[in-house]
Every structure is written in structure tokens, then in C-alpha cells.
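From first to last, the protein sequence lines are chains R and W.
Just so you know, the first sequence maps onto residues 1 to 183 in my numbering.
Just so you know, the second sequence maps onto residues 1001 to 1187 in my numbering.
Even glycine gets a Cβ: it sits at the ideal position worked out from N, Cα and C.
From a predicted model like this one, the values you see are computed outputs, not experimental measurements.
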Amino acid sequence: MSNLLKRALRLSIAPAILIIAIKILGILLLSSVYDFDIQIGNDLNHTFSTQIYISNEQDALFLNSVTDALTLFSLILPLLYMILKISILQTSKRNPRTVVKLTKANLLKWVTKDDTNFLKVFIWTAFLWIISALVVVNTLQMKTNLVIGITAAVCTLIATWGVLHVFEIESNKVYPEEGGKLF
Amino acid sequence: MYISKNKKQQFLSKAGRFLEPFALGILCLLFIIPALTFSNLTPLTQKLNPNVLGTEDKTGFDIELVGGNHNVFQSEHLLKNEDGNYKYDTKILKHTSGDYSKPILLIENTSSISQDVTFAGRTEIPIGSRIGIIYNNKFHVLQNNTGKTTEVTLPLDPLNTTNIFLSVEGFSDVRFQETFYMDISFN
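Printed below as a string of C-alpha cells:
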């Protein structure tokens, strides 16, 4: 088995679990805090045989919007952290002032710790694409607030730009470029 | 048994190659399962069923014969069938024209939801009088004076006890004794 596949498998587990956990916990927590009348039912006419039913349409919209937003941000925040870390590391390599600033802030060890790579960023972005697509579909079906749908679409575009930026940084490691010339 | 390091490496390499398609499938599932779960966890709006498994309301009735003596209705019996429904019968003695009624049954709806009870009654030979039940001071015909029978379904309020009267209304005297049979079923 290739190392890439092994690493991809290992790195995909965390976001996959996070999505399911956040969505389930969000529904349970919100329904208990706001005392929503929720029921789990079985209907074979739907794509899946088990559904969550709620009596009030407004409650359903609120519950879905908040849980969608929570899931979305649970993917966006780690992704933002990873992209930021890679970008700062890259800047510090080019700019000695950044190294000084990082040392002063006692962040040099954090930035230089090599636990973030393109594959990790790409996998998290892929999950973000999937979830954003589902959130946008929910928004079009009026199951989620419009603001959440727009946020999902915008964040996906920014994350895509971020993953391309990380790809550029990683490819620069293989083919270093300085002033438009390849070394 | 000794296995050389080289053979071990070869075996692991072959096993890895064999497992690779499965690993690829698992990787795909790692993306598909959260997406499907996320999609399926979207709550649907629907009128909820008040009965939840394990806490369902007990559907049931308690039914009792009132009994007592009456100059027209005598020898009352109430029997429970195998299907959970009841059979009631009484003798209607010969009597002069007029209206006669007697409380015959006490029915208690033991559940916390409204339920229906259906009555269907007849005599073997029409007696020329209307026979029916009185529920909430209203007469419901079960058999008219020509012998035509009608089923009567009554809603019973939750956790409530109802008194059912049997009534005979006739403009002419009844000069023979007849047995009245009534089926009581719960819906």
C-alpha cells in the first residue's frame, strides 16, 4: 500500500468524525437547551430510512442553520489555522523580520513544528467542499438560513484559494523559484 | 518455522498491493459517510406522533354491567369475546306502548386519548318498536320498528366513564318476549 494512501486514510478520519459529531451533538444540545419537540422516525419513502422529525418549521430552520454553521466552522477554523501556519512559515523563510517577530512572540517553535502539509490541507478542504455544497443545497431548499449558505460559499472560495496557495508553497519546495527563475 | 526477512518483505509488499483497492474504497467511504450523515441529520418538519415506543398510551376500556331490576329489560348478560370485544344480551318482556329505558353499561375509557366504541344490536324478530341506546341524553337507533339495524359509533372521552342506556320506543303494545343482542366493539 502506498504511503500517500496510508497518510490520506489517517488524515481523513479526524474531519470525518468531527462532521458527524458536531452535527449530532449540535442537534442534541440545541434541542435540549431550547426544548424542541424532536422525534426520530422511520420512513422508507425517503433516501434513508431513519429521519429526525421536528413539529415546528421555524424550529427546524433554526436548528438546521445553527448545526450547519457549527459544522462549517468546525472545518473552516482548523483549515484557517493550517493555512496561516504554512504561510507564516513560508514568510519567515523569506523575511528575517518575521523570524524576529515570531521569536519575540515565542511562536517560533509552533511555526516550525512540521505537522502541517499540503495533503492535510487538501483533505480538510475537500471535506469543506462537500459540506459547503450540502449547506448550499439546504439553503436552496429553504432548510437553512440564507446567510449560512452565502457564508459557506464564500468560505469555500477562500479555502480553495488557500489550498492553491499552500500547493504553490509546497511546489516551491520541489522546484524553488526566486525572482521568476527556477533553480 | 524460519521466514527470511526478504520473504517477509515480499509478503508484506504483496499484501499491501492486495489491500490497496480496499484502502481506496475506505478512503472514499470516509468522505461519503459524513456527507450522507450530515444530509440525513437535517431535521424534517412533520406533525409528530404523540405515542413514543415504550410510552404509548394504554388503549383500553373497562366495561361493566349495571344490572338491577326492570319491568321490561331482564336477564342481562355481558360476555367478552376472544377478540377483546363484548356481547350483550337482554330479554325485552312484553309491555304496553311507550318509552322505556334502563342504564345497562358503564364504559370507562382508560387511555388518555379519545377512542371510539361501536354498538350493533338486533332482535331475532322485529318487535315493532325502535330499540337503541341513549348516550349523553341522545337516542341512537340500533334497530327501527321494521327491523332495520344500524351501527352506532360513539366517541368516548379520555379517562372518562360513560353510562349507556338501552331504550325501547313504541307506539303499540308488544305482546311477546324477545331477546335483544348487542355487539360492542372498540376501534
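Residue i: CB within 7 Å of a non-hydrogen atom of the ligand NAD
i: Q1115(W); result: The model depicted lacks the ligand NAD and carries no ligand whatsoever.
DSSP-derived helix/strand/coil call for residue i
i: E1151(W); result: coil
i: F183(R); result: Low confidence applies to F183(R): its pLDDT is 48, below 50, so where it sits in the model is not reliable, and the reading given next is rough at best. Here F183(R) sits in coil by DSSP.
i: E1169(W); result: strand
i: I1125(W); result: coil
i: G1098(W); result: strand
i: F36(R); result: coil
i: I130(R); result: helix
i: Y175(R); result: coil
i: I1131(W); result: strand
i: I1164(W); result: strand
i: L119(R); result: helix
i: K113(R); result: coil
i: K143(R); result: coil
i: S1039(W); result: helix
i: I52(R); result: strand
i: V163(R); result: helix
i: M1(R); result: coil
i: P96(R); result: helix
i: G149(R); result: helix
i: D1157(W); result: coil
i: S31(R); result: helix
i: Q1115(W); result: strand
i: D1083(W); result: coil
i: Q58(R); result: helix
i: F1176(W); result: coil
Chain-ordered neighbours of residue i on chain W, where CB pairs are closer than 9 Å
i: L5(R); result: E1020, A1023, L1024, L1027
i: I24(R); result: T1037, L1041
i: L146(R); result: Within chain W, no residue comes near L146(R); the closest Cβ sits about 16 Å away, beyond 9 Å.
i: N138(R); result: S1039, T1042
i: K120(R); result: Result: empty, since nearest Cβ-Cβ is about 14 Å, beyond 9 Å.
i: L134(R); result: A1035, F1038, S1039, T1042
Under 9 Å from the C-beta of residue i: neighbouring residues of chain R
i: L1142(W); result: Ordered by position in chain R, no residue passes the 9 Å Cβ test against L1142(W), which lies about 41 Å from the chain.
i: P1155(W); result: The premise fails here: P1155(W) is roughly 24 Å from chain R at the closest Cβ pair, so nothing lies under 9 Å.
Given residue i as reference, the closest of the options once Cα atoms are compared
i: L63(R); options: I24(R), W129(R), K104(R), F127(R); result: I24(R)
i: L157(R); options: N145(R), A133(R), N56(R); result: A133(R)
i: F1180(W); options: L1078(W), A1023(W), F1022(W), F1011(W); result: L1078(W)
i: V147(R); options: I20(R), G26(R), L61(R); result: L61(R)
i: T144(R); options: T71(R), T98(R), P176(R); result: T71(R)
i: L84(R); options: F118(R), G41(R), L4(R); result: F118(R)
i: N56(R); options: Y34(R), K109(R), L11(R); result: Y34(R)
i: R10(R); options: Q1010(W), Y1135(W), I1026(W), I1003(W); result: I1026(W)
i: K120(R); options: P78(R), Y175(R), M142(R), K104(R); result: P78(R)
i: S1185(W); options: R1175(W), Q1010(W), N1006(W), T1153(W); result: T1153(W)
i: A1015(W); options: K6(R), G26(R), M1(R), L5(R); result: M1(R)
i: T1118(W); options: E1082(W), S1111(W), Q1010(W), Y1135(W); result: Y1135(W)
i: I1033(W); options: L29(R), I27(R), F48(R), N106(R); result: F48(R)
i: L1019(W); options: I27(R), L28(R), S171(R), N3(R); result: N3(R)
i: P176(R); options: R94(R), W110(R), I38(R); result: R94(R)
i: I123(R); options: S92(R), Q51(R), I40(R), F167(R); result: F167(R)
i: W110(R); options: T139(R), I27(R), I86(R); result: I86(R)
i: S1114(W); options: G1084(W), E1076(W), P1158(W); result: P1158(W)
i: L1030(W); options: I27(R), S12(R), Q58(R); result: S12(R)
i: C155(R); options: L80(R), K104(R), N138(R), L107(R); result: L80(R)
Beta-carbon neighbours of residue i, restricted to chain W and to distances below 7 Å
i: M1(R); result: G1016, L1019, E1020, A1023
i: I13(R); result: L1030
i: L70(R); result: Neighbours of L70(R) on chain W: none; closest Cβ ~11 Å, over 7 Å.
i: N172(R); result: Near N172(R) there are no residues of chain W at all, since even the closest Cβ is about 27 Å away, more than 7 Å.
i: I130(R); result: F1031, A1035
i: I20(R); result: P1034, T1037
i: A152(R); result: Within chain W, no residue comes near A152(R); the closest Cβ sits about 12 Å away, beyond 7 Å.
i: F48(R); result: N1040
Close beta carbons around residue i, own chain, < 7 Å, minus the five adjacent residues each side
i: G1132(W); result: F1139, H1140, V1141, L1142, S1167
i: V1066(W); result: P1103, I1104, L1105, L1106
i: F127(R); result: P15, I19, L75
i: K1080(W); result: Y1086
i: E1169(W); result: D1099, S1129, R1130
i: V135(R); result: D68, L72, T144, I148, G149, A152
i: I131(R); result: I19, T71, L72, L75
i: F183(R); result: The predicted position of F183(R) is uncertain, since its pLDDT is 48 and thus under 50; a value taken from the coordinates is nonetheless stated next. For F183(R), where only same-chain residues beyond five positions count, the Cβ hits under 7 Å are P176.
Close beta carbons around residue i, own chain, < 8 Å, minus the five adjacent residues each side
i: E1178(W); result: K1091, I1092, T1123, E1124, I1125, I1127
i: T1149(W); result: A1120, G1121, R1122, L1142, Q1143
i: D1173(W); result: K1094, H1095, T1096, S1097
i: L140(R); result: G149
Contacts that residue i makes with chain W (C-beta to C-beta distance below 8 Å)
i: N64(R); result: T1042, P1043
i: A8(R); result: L1027
i: K187(R); result: This structure leaves residue 187(R) out entirely; chain R is present only between 1 and 183.
Same chain, Cβ closer than 6 Å to residue i, five either side skipped, listed in chain order
i: S74(R); result: L18, I22
i: T194(R); result: With chain R running from 1 to 183 in the structure shown, residue 194(R) is simply not present.
i: V174(R); result: none
i: N1160(W); result: N1109
Residues that residue i contacts on chain R, provided the C-beta gap is smaller than 7 Å
i: I1033(W); result: A16
Any contact between the stretch 1066-1078 of chain W and the stretch 1023-1042 of chain W? By contact I mean 3 or more CB pairs, one from each, below 8 Å.
Contact annotation: the stretch 1066-1078 of chain W does not touch the stretch 1023-1042 of chain W, with fewer than three C-beta pairs closer than 8 Å.
Would you call the stretch 1157-1177 of chain W in contact with the stretch 1096-1106 of chain W, where contact means no fewer than 3 C-beta pairs closer than 8 Å?
Result yes; three or more Cβ-Cβ pairs closer than 8 Å.
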